[in-house]
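So in our numbering, the last one in the sequence shown is 506, and the numbering has no gaps at all.
Using N, Cα and C, we set each Cβ at its ideal position, and we do this for glycine too.
All values derive from a computational prediction rather than experimental measurement.
The next block holds one structure in the form of structure tokens; read it before the comments.
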Amino acid sequence: MPAIIKPNVLLIMTDQQRFDTIAALGNEHIYTPNMDRLVRRGVTFTKAYSACPVCVAARYTVRTGCEPPTSTYYGNLLADPVPEQPVDIEQRCGPYLARTMQNLGYRTFGIGKFHSMPMFEDLGYETHIHSEELYGSQDQRARDGFASFIAHEHPEYNWIEQLMGERTDMYYMPQASALPAEITVEAWAADCAVEHIKKDDDRPYFGFVSFIGPHPPFAPPLPFNRMYDPDRMPNPIRGDIELDHMDEQIPNMNYMIWAEDINDSHARVLKSRYYGEITYIDQQLGRILDTVEARPDADNTVICFFADHGDHLGDHNAWQKESFFEQACHVPFLVSWPKTLPANTKCDELVSLADLFGIATSAAGAPEMRDGADVLGMLQGNVEPREYVYGYYWTPGTQHFKVMVRDPEWKYIFMANGGREQLFNLSEDPNELHQRINDAPDVAARLLEQAIKQLASNPNSARTLENGYLKEFPFMERPLVRIYQMDGSRGVQGFPERPEDLL
């Protein structure tokens, strides 16, 4: 019998891209010809979720195939295992995806934002090139692949403190990149990806390309900064403020990044820059796809395109992520493998970022699902679809823990802070404007039972549950604080006490 030729596997991730930002999937306001191309190339999962909708935790979900109760990453903080769990994450979860694929005979490369703890953690890649958003020291900036590229290849731009745009009070202020389009971090990442996809090697490749955009600040390069007229952008979808801000983290986060009073016209301007950044990334994606298609094994290349989480963009009177409203936790999720999977197909089954581990290893001939589901088996009709998908945020058993349960029609959210609950029928109310907790108590009870059952089955049960019920705390508002994210590599930590002190 002829030897089975393993496919190449390429994961492409964007940061903070909402599920509703692809033209081919119904957004008439945006231009995304290459994301549309990926839609036509394979299967679009319309109900894909981030198990923890924030940067660090979502990335550990992808690289481990494990959801937060196993990885113990519940936010952007350090891991928080219980005493029964090993201290080392690869002992808790198993080898990282890149290390697993390398052990399966793959040439592996990782490019872009990894947001690991620590920053330069060994994630198992043969070639590992960073482009992180923030540098806390001169050493971090010197070791960053993109910052080094600017320093050595384009020193005329090395004066720029924040290469991806200004943060802190400018987090949600429209900007344009100080760099020309051909040398921004997104173009650099695409350049690196093209170089590594083109390499001649007897082994199949496993590649991970992680774009920093469209994470704020929204600073697309010229001419993408003026591609969309803000007055053609729709206004945010706002519900009743008491329902929108039932999760007290939302007003807290708004204040943290100077977004507590953004009006509709400002929101439309921000969306136009956000869309400009997505279209710019789409252009870079096209260069990567062209390189894949130029190889003779293009049809035997698995491409997964997804985001770590979304952005509220003013919907629900909210900015940023870290909630379980659709805008934050529902993500684009495109999977194509022309040799095996159908083209231009939509699948409405529930999937999670944890499933990417199983997709990659199954394609490689050594299926390993961990906390994920067998998506390829499901598409081939060999595995039953998921009944539920779960979301977790913040350390279990603490004031700010949240859990989400989603079935094909309904979503239930429990917040330990005050024992607050939300229930939405997404089939009837996709914008989540109508609280159903009181008029559909049987559904709420069923989904709550699933949340308890799921948490009881993992090592966090002791700190999550109390007398067989989810632990709750008296409601408490968090103190309002601002976040300062400036260039630590140049010793900048915040605003001066007196303006003249800066000089």
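Per DSSP, what kind of secondary structure is Cys58 in: helix, strand or coil? helix
Buried or exposed for Gly279, please, with buried defined as at least 16 other CB atoms from any protein chain shown within 10 angstroms of its CB. Per the 10 Å Cβ criterion, buried.
Under 6 Å Cβ to Cβ from Gln453, same chain only, skipping five residues before and after it: list those, please. Tyr391 and Val408
Straight-line Cα distance separating His199 from Pro13: Residue 13 is actually Leu in this sequence, not Pro. Approximately 11 Å, taken between the alpha carbons.
Is the segment 77-87 touching the segment 381-391 in the sense that three or more CB pairs, one from each, lie closer than 8 Å? no
Which residues in the same chain have their Cβ closer than 6 Å to the Cβ of Pro499, if we skip the five residues on either side of it in sequence? A distance below 6 Å between beta-carbons, with the five flanking residues on each side excluded, links Pro499 to the following residues of its chain, in chain order: Leu505.
Do the CB positions of Asn37 and Leu436 come within less than 9 Å of each other? Not in contact: Asn37 and Leu436 (Cβ atoms no closer than 9 Å).
For a minimum of 3 consecutive residues, which ranges assigned as the beta strand (DSSP E) are wholly contained in the segment 421-476? Taking only runs of at least 3 residues, the beta strand (DSSP E) segments lying wholly in the segment 421-476 are 423-428.
On the three-state DSSP scale, how would you describe Lys342? coil
What's the C-alpha gap between Tyr415 and Thr47? 24 Å
Say whether the segment 175-190 touches the segment 94-101, bearing in mind that this needs 3 or more beta-carbon pairs closer than 8 Å, one atom from each stretch. No, they do not touch.
If we count the other Cβ atoms within 10 Å of its Cβ and call it buried at 16 or more, is Tyr109 buried or exposed? buried
How would you write the range of the beta strand (DSSP E) that Cys350 sits in, first residue to last? Thr348 to Ser355
Pull up the DSSP beta-bridge partners for Tyr76, would you. Its beta-bridge partners do not exist; DSSP assigns none.
Do you know how far the Cα of Asp147 is from the Cα of Phe214? One C-alpha to the other measures close to 14 Å.
Evaluate Ser430 with the Cβ neighbour count: other Cβ atoms within 10 Å of its Cβ, from every protein chain shown; 16 or more gives buried, anything less gives exposed. exposed
Who pairs with Tyr406 in a beta bridge, going by DSSP? Inspection of the sequence shows that residue 406 is occupied by Val rather than by Tyr. Val406 pairs with Tyr395 and Phe417.
Who are the near neighbours of Thr75 in its chain, counting only those whose CB is closer than 6 Å to its CB and skipping five residues on each side? Ala82, Asp83 and Pro84
What separation, rounded to the nearest whole angstrom, lies between the Cα atoms of Gly497 and Gln488? 8 Å
Going straight from the alpha carbon of Met256 to that of Lys201, what length do you get? 43 Å
Excluding the 5 residues flanking Ile260 on each side, which residues of the same chain have their C-beta closer than 7 Å to its C-beta? Tyr174, Tyr175, Trp322, Gln323 and Ile486
Tell me whether the beta-carbon of Arg44 lies closer than 9 Å to the beta-carbon of Pro341. In contact: Arg44 and Pro341 (Cβ atoms closer than 9 Å).
Cα-Cα separation between Leu356 and Ala366, rounded to whole angstroms: 16 Å
Excluding sequence positions up to five away, which residues of its chain have a Cβ less than 8 Å from the Cβ of Tyr138? Arg144, Asp147, Ala150, Asp490, Gly491 and Ser492
If you run the structure through DSSP and keep just helix, strand and coil, what is Tyr258? Helix.
Could you tell me whether the segment 262-272 touches the segment 325-333, where touching means 3 or more Cβ pairs closer than 8 Å? The segment 262-272 makes no contact with the segment 325-333, as fewer than three CB pairs between them are under 8 Å.
With distances taken from CA atoms, which of Phe308, Gly361, Glu329 and Leu107 is nearest Tyr208? If we check each option's Cα against that of Tyr208, Leu107 comes out closest.
What is the DSSP secondary structure of Tyr99, reduced to helix, strand or coil? coil
Taking all protein chains shown into account, decide if Ser140 is buried (16 or more other Cβ within 10 angstroms of its Cβ) or exposed. exposed
Quick one, which of Arg271, Leu288, Phe404 and Gly368 has its alpha-carbon nearest Asp194's? Leu288
Reducing DSSP to helix, strand and coil, say where Met16 ends up. strand
Do you know how far the Cα of Thr187 is from the Cα of Asp125? 25 Å
Thinking C-alpha only, which one of Val338, Pro399 and Thr343 is nearest Pro42? Looking at the sequence provided, one finds Val at residue 42 rather than Pro. Nearest of Val338, Pro399 and Thr343 to Val42, Cα basis: Val338.
Sort His403, Asp285 and Ala331 by Cα distance to Pro477 and report the nearest one. Pro477 has its Cα closest to that of His403, out of His403, Asp285 and Ala331.
Would you kindly check if the distance between the Cβ of Tyr128 and the Cβ of Ile92 is under 9 Å? no
Could you give the distance in angstroms between the alpha-carbon of Pro411 and the alpha-carbon of Arg241? Put simply, the backbone Cα of Pro411 is about 24 Å away from that of Arg241.
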